[in-house]
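To convert, note that position 57 of the sequence shown is 57 in our numbering; the numbers rise steadily by one, no gaps. Cβ atoms here follow ideal geometry from the backbone N, Cα and C, with glycine treated the same way. Input: a single structure, listed below in structure tokens.
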Amino acid sequence: MSKSEDYQGLRERLERKLREKEEAYSAASLAHFREVEDLRLQIHLVDQVLRGGGAASEPSEAAEGGSKILLAGEVPQLILRALAEAEPHGLSGGELNEIVVKAGFAKDSAEKNKTKLRLAGRAHRDPKAGGRWRLGPGQA
Numbered sequence: 001m002s003k004s005e006d007y008q009g010l011r012e013r014l015e016r017k018l019r020e021k022e023e024a025y026s027a028a029s030l031a032h033f034r035e036v037e038d039l040r041l042q043i044h045l046v047d048q049v050l051r052g053g054g055a056a057s058e059p060s061e062a063a064e065g066g067s068k069i070l071l072a073g074e075v076p077q078l079i080l081r082a083l084a085e086a087e088p089h090g091l092s093g094g095e096l097n098e099i100v101v102k103a104g105f106a107k108d109s110a111e112k113n114k115t116k117l118r119l120a121g122r123a124h125r126d127p128k129a130g131g132r133w134r135l136g137p138g139q140a
């Protein structure tokens with residue numbers, strides 16, 4: 001076996017180990033991010049109740065079509081969880097809308113909450129990925 005082959009084998013082992021570490025780090029980071037987002041949303045829901053917003057998790061019926069209307073954090077939480085599950089590829093705006101509508105909310109709730117999440121720095125549209133939505137604030 002030549003020195004070149006020895007180094008090539010070493011390089012391949014190092015690359016494999018690096019990939020394993022990156023995947024483990026990515027999974028741990030995603031789990032941590034989910035926990036942080038869940039805590040933020042729980043605090044938001046408690047704040048809504050404290051301000052007199054009522055029980056935040058009880059949707060009301062819309063006048064048209066019987067769709068649920070967002071009262072506090074259900075739709076943002078739904079969007080954040082969907083994005084977390086879709087990492088690292090993200091989801092298109094249409095896919096997010098479909099998830100929200102299938103959960104019984106109006107499409108308008110999806111659009112408004114995607115904007116709120118973007119403005120809050122919790123989700124962004126990635127222009128390098130064809131405008132797919134991803135977790136986090138994105139690049140300034």
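Integer Cβ distance of residue i from residue j, believed to fall under 8 Å
i, j, result
"residue 118", "residue 89", "With 8 Å as the limit, residue 118 and residue 89 do not qualify as a contact, their Cβ atoms being about 18 Å apart."
"residue 103", "residue 78", "6 Å"
"residue 37", "residue 122", "7 Å"
Coarse secondary structure for residue i, derived from DSSP in three states
i, result
"residue 124", "strand"
"residue 134", "strand"
"residue 26", "helix"
"residue 89", "coil"
"residue 4", "helix"
"residue 139", "coil"
"residue 73", "coil"
"residue 19", "helix"
"residue 34", "helix"
"residue 81", "helix"
"residue 13", "helix"
"residue 40", "helix"
"residue 64", "For residue 64, the predicted structure reports a pLDDT of 38, less than 50, and the residue's modelled location is therefore unreliable. A value from the coordinates is still provided. Reduced to three states, the DSSP call for residue 64 is coil."
Boundaries (first-last residue) of the alpha helix (DSSP H) holding residue i
i, result
"residue 96", "93-102"
"residue 111", "107-119"
Of the residues the options, the one placed nearest residue i, counting alpha carbons only
i, options, result
"residue 83", "111, 135 and 6", "135"
"residue 76", "124, 51, 31 and 50", "124"
"residue 93", "36, 87, 21 and 111", "111"
C-alpha gap between residue i and residue j, whole angstroms
i, j, result
"residue 107", "residue 96", "9 Å"
"residue 55", "residue 73", "Because residue 55 carries a pLDDT of 45, less than 50, the predicted location of this residue cannot be relied on, and no value is offered for it."
"residue 29", "residue 114", "22 Å"
"residue 127", "residue 2", "46 Å"
"residue 24", "residue 8", "24 Å"
"residue 18", "residue 50", "47 Å"
"residue 43", "residue 139", "26 Å"
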